[in-house]
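Numbers 882 to 967, taken from my numbering, label the letters of the sequence shown in order. Every residue gets a Cβ at the ideal spot worked out from N, C-alpha and C, and that includes glycine. Note that the structure is predicted; figures quoted are calculated from it, not measured. Remarks on the structure that follows.
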Amino acid sequence: MINRGSEWHRWEPHIHAPGTILNNQFGVSDPWSTYLSTLEALTPKVEAVAVTDYYVTDTYEEFLQHKVTGRLPDVSLIFPNIELRR
882 MINRGSEWHR WEPHIHAPGT ILNNQFGVSD PWSTYLSTLE ALTPKVEAVA VTDYYVTDTY
942 EEFLQHKVTG RLPDVSLIFP NIELRR
């Protein structure tokens, strides 16, 4: 039995990353560094992220590479979110 109230965990189920197809609006000089630093600084911390792109998993795969190098230490779940359009 749990002797405390509900626990809320922050998820981001639809977030585009630098290099996303059709909607890449990351115009800074080092978009991945800025993007990752912004996610890492959020309060409350993001614990799950669905990296969204159109038709492919390229940005999801790059996101995973940044996680392997030690970025996003609070994110414990990462999954792809593929948008299909006509």
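Residue 929 (DSSP reduced to helix, strand or coil): The residue labelled residue 929 in the question sits at position 48 within the sequence shown. Residue state, collapsed to three classes: strand.
For residue 893, I'd like the list of residues in its chain whose CB is within less than 6 Å of its CB, leaving aside the five on either flank, ordered along the chain. Numbered from its first residue, the sequence shown carries residue 893 at position 12. Same-chain partners within the cutoff: 927, 930.
With C-beta atoms as the reference, is residue 966 less than 8 Å away from residue 935? For this step, residue 966 is matched to residue 85 along the sequence shown. For this step, residue 935 is matched to residue 54 along the sequence shown. Yes; because the gap between Cβ atoms is below 8 Å, this pair is in contact.
With DSSP as the reference, label residue 964 as helix, strand or coil. On the sequence shown, position 83 is the one that residue 964 refers to. In the structure shown, residue 964 sits in a strand (DSSP, three-state: E or B).
When DSSP labels each residue in this structure, what does residue 893 get in the three-state scheme? Taking the sequence shown and counting its residues from 1, one reaches residue 893 at position 12. Secondary structure of residue 893 (DSSP, three-state): strand.
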